[in-house]
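Just so you know, the sequences run in chain order A and B. Here our numbering is used: the first residue of the first sequence is 12, the next is one more, and so on. Here our numbering is used: the first residue of the second sequence is 19, the next is one more, and so on.
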Amino acid sequence: MKSKDSKSKLIDDMFEDFLPNIHRAFEVLKDILKRPSAMAGGILLLLILLTSVLFPLVFHINPLDQDLMARFSPPVWQDGGTWKHILGTDNLGRDILSRLLYGSRVSLLVGFSAVLVASVAGIFLGLVSGYYGGKIDHFIMRIADVFMAYPFMLLTISVIAVLGPSIFNLIIVLGISDWVTYARTIRGSVLSIKTKEFVEASRAIGTPDLIIILRHVLPNVISPLIVLATLRVANIIIWESGLSFLGMGTPPPMPTWGRMLSEGREYITDAWWLVTIPGLAIMMTILSINLLGDGLRDALDPRLKNL
Amino acid sequence: MSNLIEVYKLSKHFPVSAGLFSRKKKYVYAMDEISFTLGEKETLGLVGESGCGKSTASRTILNLITPTSGQVWFQGQNLFALKPYEKRKLRQGIQIIFQDPFGSLNPRLTVKRIVEEPLLTHKIGDRASRRQEVEKMLTKVGLLPEHMKRFPHEFSGGQRQRIMLARALILKPKLIIADEPVSALDVSVQAQMLNLLKRLQEEMDLSYIFISHDLGVIRHVSHKVAVMYLGEIVEIAPVDPLYNEPLHPYTISLLSSVPVPDPKKKNRTRKILQGDVPSPRNPPAGCRFHTRCPDCMDICTREKPDTRQVKKNHMVACHLYQDGELWVPPLPNQ
């Protein structure tokens with residue numbers, strides 16, 4: 012009875028920590044609106060997400076339909092382009108715009124989810140490793156070393172070969188092969204934060220470790236993570252394309268930005284739009300995420316407020 | 019008179035790894051058998067140069083570090099023999115203020131949350147009463163209630179120390195360990211802070227263990243002073259006897275190194291120590307001070323001096339004072 016009571020108290024305490032943060036979410040939002048670059052990034056990302064979700068519903072061209080008569084049709088603004096295929100067609104005469112929009116679903120889903128999996132695992136292990144130190148730290152860091160020493164491609168290929176290619180497996184595999192970066196970054200920051208006097212002061216009054224980690228350590232180490240995570244989304248999208256190229260990613264006819272890049276690579280001298288268009292899409296996505304991430308980091312730091 | 023806190027032969031030796039293939043464990047002798055007592059509404063000044071174990075002492079008393087040996091009795095209870103929940107309860111009575119006003123406040127929390135945290139940890143009061151309490155404490159240390167919503171970076175060093183003080187006071191402690199609370203502040207702000215500490219001592223019946231390397235500050239606030247050298251207390255006495263007639267050669271040289279703002283006293287003799295403090299990893303045999311002592315005798319290199327009570331309440335550990343009465347710290351609560 013007593014322990015149950017103290018447990019619910021603990022949860023109350025945690026709410027005490029996060030409730031003001033929910034309140035502050037609006038302030039952070041307002042803060043972002045004041046930063047032009049962050050707002051541009053946010054709007055761009057929102058547009059990309061909206062088009063990838065909504066547009067295929069109204070845009071009735073099947074991305075798998077082949078129009079062999081219209082192979083390598085250039086975009087509409089170039090000589091020989093038609094309104095039928097606004098962004099042109101690829102080597103099999105498939106419509107690039109349609110492939111781009113359908114592909115964005117897979118690429119964004121894989122990119123964001125894998126980063127989520129990796130960062131959650133990495134943050135947890137990094138916090139534990141850095142805060143407790145000693146044997147736990149050694150154990151986790153040695154596992155991390157093994158992951159780092161093991162070629163990432165080999166790891167993913169062997170896991171995918173066993174589990175079979177699917178989007179879910181891809182997310183899990185990319186996530187678990189990428190947690191090391193997060194764990195090490197977090198661990199380093201935790202090591203420096205935990206010697207700060209406010210952590211010691213909190214321990215001196217007898218605050219439980221869990222609360223100390225959530226209240227004092229995590230908020231102070233999260234900034235580099237936001238930047239790291241936004242950069243990793245880009246990497247994951249590229250990795251996914253590499254795996255797709257090897258037949259280990261999403262199953263072949265399914266369009267993804269990565270596959271469009273790797274398939275178009277062969278024709279780069281004859282049909283520039285095959286690689287340029289998905290490349291631009293990736294670039295715009297990454298740019299928008301990075302701009303938003305930078306703004307978010309600044310908005311979350313009270314020291315940088317009103318600058 | 020019963021004492022608020024009694025520290026009995028408290029030691030801390032930090033183990034250091036002596037290399038991969040060495041079986042022998044090595045230690046840093048950070049603090050060796052220090053004993054003192056402190057009554058209610060008293061201030062003990064703890065002086066000594068960097069690395070002499072002042073902070074180790076404070077953190078051990080706070081229970082942040084487990085001592086190698088020794089006891090600390092607080093309000094008649096042995097701190098290290100308590101069950102965890104009793105310890106938590108008792109811990110409310112001892113609070114700490116740190117030196118660095120920039121590292122001691124979490125930059126992500128508002129002042130309200132920082133000051134309120136001890137109440138949260140010890141599950142005292144509800145939201146409204148906690149808020150009231152925070153307001154009261156902020157006013158008490160000379161800040162305004164509207165400062166609650168601000169973040170630490172919006173304050174000056176002196177104000178941050180006041181926030182830290184408000185946080186320390188909110189649990190109504192009996193003892194505050196002040197670990198160099200003013201050494202990071204300007205002199206004018208130092209004076210304000212010291213006077214505030216003195217005023218609060220009267221108002222809230224506080225005792226302080228006041229750690230500093232600034233002898234002027236120690237003299238201003240303390241009732242008694244303990245001088246530490248290389249992990250040991252070499253001299254402990256009420257403030258006036260210690261400053262007027264210091265006995266231990268280390269205390270004498272320490273006091274003679276204080277600059278005197280009077281040009282007429284220019285020709286006073288100074289005892290300047292030669293050399294550096296030996297490493298606490300490998301403290302000298304015999305008296306730990308003998309490598310630098312101007313009055314070093316033959317016996318000092320061989321035998322560790324006993325602590326003797328040379329005058330009333332004036333204890334010193336030095337072979338020069340053989341005629342004093344041997345002083346053994348009384349085992350607390352016996």
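Quick reminder that beta carbons are idealized off the backbone N, C-alpha and C, glycines included.
What separation, rounded to the nearest whole angstrom, lies between the Cα atoms of residue i and residue j?
i, j, result
"L291(A)", "F70(A)", "21 angstroms"
"K13(A)", "K141(B)", "Any answer about K13(A) is weak, because its pLDDT of 43 lies below 50 and its placement is not dependable; what the coordinates show is given next. Spanning the two alpha carbons is a distance of roughly 14 angstroms."
"Y18(B)", "C311(B)", "The structure shown does not extend to residue 18(B), since chain B is modelled only from 19 through 352, so no value can be given for it."
"L193(B)", "I112(B)", "5 angstroms"
"S253(B)", "V239(B)", "Per the sequence shown, residue 253(B) should be read as Glu rather than Ser. Looking at the two C-alpha atoms, the distance is approximately 18 angstroms."
"I178(A)", "H171(B)", "46 angstroms"
"I288(A)", "M50(A)", "24 angstroms"
"I237(A)", "L202(A)", "18 angstroms"
"E24(B)", "I216(A)", "20 angstroms"
"V276(B)", "K289(B)", "11 angstroms"
"P191(B)", "K242(B)", "20 angstroms"
"G186(A)", "P266(A)", "21 angstroms"
"L127(A)", "D189(A)", "10 angstroms"
"T157(B)", "P163(B)", "7 angstroms"
"W284(A)", "S124(A)", "28 angstroms"
"L108(A)", "L61(A)", "15 angstroms"
"P119(B)", "L58(A)", "46 angstroms"
"I181(B)", "E151(B)", "13 angstroms"
"V278(B)", "T61(B)", "24 angstroms"
"S206(B)", "G304(B)", "43 angstroms"
"S118(A)", "I248(A)", "6 angstroms"
"Y142(A)", "R198(A)", "8 angstroms"
"T84(B)", "V90(B)", "11 angstroms"
"L318(A)", "A310(A)", "Only weak support exists for where L318(A) lies, its pLDDT of 44 falling under 50; the value from the coordinates is given anyway. Going by the C-alpha atoms only, they are around 10 angstroms apart."
Alpha carbons only, please: which of the options is nearest the one belonging to residue i?
i, options, result
"P67(A)", "K95(A), L112(A), M80(A), R105(A)", "L112(A)"
"P176(A)", "G144(A), A132(A), G258(A), N102(A)", "G258(A)"
"L265(B)", "H231(B), D313(B), I79(B)", "D313(B)"
"M211(B)", "P199(B), M222(B), E220(B)", "P199(B)"
"I182(A)", "I279(A), G260(A), D76(A), I300(A)", "G260(A)"
"L203(B)", "F173(B), L189(B), K216(B)", "F173(B)"
"A194(A)", "I54(A), R116(A), F37(A), L136(A)", "L136(A)"
"H175(B)", "L218(B), Y45(B), L123(B)", "Reading off the sequence, residue 175(B) comes out as Gly, not His. Closest option to G175(B), Cα to Cα, is L123(B)."
"D76(A)", "D309(A), P264(A), E277(A)", "P264(A)"
"M295(A)", "L55(A), I247(A), E38(A), V244(A)", "L55(A)"
"S48(A)", "N301(A), D312(A), D220(A)", "N301(A)"
"I72(A)", "Q89(A), A155(A), N102(A), D106(A)", "D106(A)"
"Q117(B)", "S230(B), L248(B), P256(B)", "S230(B)"
"I188(B)", "P136(B), G143(B), L233(B)", "P136(B)"
"S53(B)", "G249(B), H308(B), R320(B)", "G249(B)"
"D101(A)", "I171(A), A310(A), L298(A), G275(A)", "G275(A)"
"L183(B)", "S201(B), L215(B), H337(B)", "L215(B)"
Which whole-angstrom value is the C-beta distance of residue i and residue j, which I expect to be below 8 angstroms?
i, j, result
"Y261(B)", "R237(B)", "6 angstroms"
"S273(A)", "S252(A)", "6 angstroms"
"L303(A)", "G52(A)", "4 angstroms"
"I227(B)", "I195(B)", "5 angstroms"
"G99(A)", "P86(A)", "5 angstroms"
"V133(B)", "R168(B)", "That pair is no contact at about 12 angstroms."
"G66(B)", "M246(B)", "4 angstroms"
"I114(B)", "A186(B)", "7 angstroms"
"L22(B)", "G57(B)", "6 angstroms"
"L108(B)", "F92(B)", "6 angstroms"
"K30(B)", "T86(B)", "5 angstroms"
"N331(B)", "A255(B)", "6 angstroms"
Per DSSP, residue i forms a beta bridge with which residues?
i, result
"F32(B)", "V46(B)"
"Q292(B)", "Partner(s): none; Q292(B) has no beta bridge."
"Y278(A)", "None, per the DSSP bridge assignment."
"E343(B)", "Q327(B)"
"A255(B)", "V243(B)"
"V334(B)", "E253(B), R326(B)"
"H96(A)", "T93(A)"
"Y396(B)", "Lying before the first or after the last residue shown, residue 396(B) is absent from chain B, which here runs from 19 to 352."
"D106(A)", "T100(A)"
"Q113(B)", "I194(B)"
Quiz prompt | Those runs of the alpha helix (DSSP H) which lie wholly inside the region 123-199 of chain B and span at least 4 residues | solution = 129-139, 145-158, 175-187
Quiz item: At which residue ranges does the region 51-97 of chain B contain complete beta strand (DSSP E) runs of 3 or more residues, listed in the order of the chain?
Solution: 61-65, 87-92
Quiz item: In the region 200-247 of chain B, which residue ranges form an unbroken beta strand (DSSP E) of at least 3 residues, counting only runs that do not cross its ends?
Solution: Listed in chain order, the beta strand (DSSP E) elements of length 3 or more contained wholly in the region 200-247 of chain B are 225-230, 242-247.
Quiz prompt | Unbroken stretches of the alpha helix (DSSP H), 4 residues or longer, contained in the region 160-192 of chain A | solution = Complete alpha helix (DSSP H) runs here, min 4: 163-174.
Quiz item: What alpha helix (DSSP H) runs, 4 residues minimum, are completely inside the region 41-72 of chain A?
Solution: Whole alpha helix (DSSP H) segments, 4+ residues: 47-69.
Exercise. Note down, one range per segment and in chain order, each alpha helix (DSSP H) of at least 4 residues found wholly within the region 211-272 of chain A.
Key: 220-223, 229-256
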